[in-house]
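Residue numbers (this note's numbering): 242 to 306. For glycine and all other residues, C-beta sits at the position ideal for the given N, C-alpha and C. For reference, the structure discussed in these notes is given below.
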């Protein structure tokens, strides 16, 4: 059986923390910011953790288990 390959598109977008959580940034913070409210832009800067329901699939895509 061949080796599992990491999904590189996902690996570029997420990061594993020291405690084992997988975090990411929301999209929409690059351009066209004049339309967006201050609150919305601030919320887009926060790190978000992957939902528990998606965690197993994400870890599998990253070859973490």
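For residue i and residue j, what's the separation of their Cα atoms in angstroms?
{"i": "residue 259", "j": "residue 272", "result": "31 Å"}
{"i": "residue 282", "j": "residue 305", "result": "32 Å"}
{"i": "residue 295", "j": "residue 286", "result": "21 Å"}
{"i": "residue 284", "j": "residue 290", "result": "13 Å"}
{"i": "residue 268", "j": "residue 301", "result": "23 Å"}
Nearest by alpha-carbon distance to residue i: which of the options is it?
{"i": "residue 270", "options": "248, 263, 250, 280", "result": "280"}
Contact check, residue i vs residue j under 8 Å by CB: the rounded distance?
{"i": "residue 265", "j": "residue 249", "result": "About 15 Å separates the two Cβ atoms, so there is no contact after all."}
Segment contact flag, the stretch 271–281 with the stretch 242–249, C-beta cutoff 8 Å, min 3 pairs: As far as the Cβ criterion goes, the stretch 271–281 does not touch the stretch 242–249, which means the pair count is below three.
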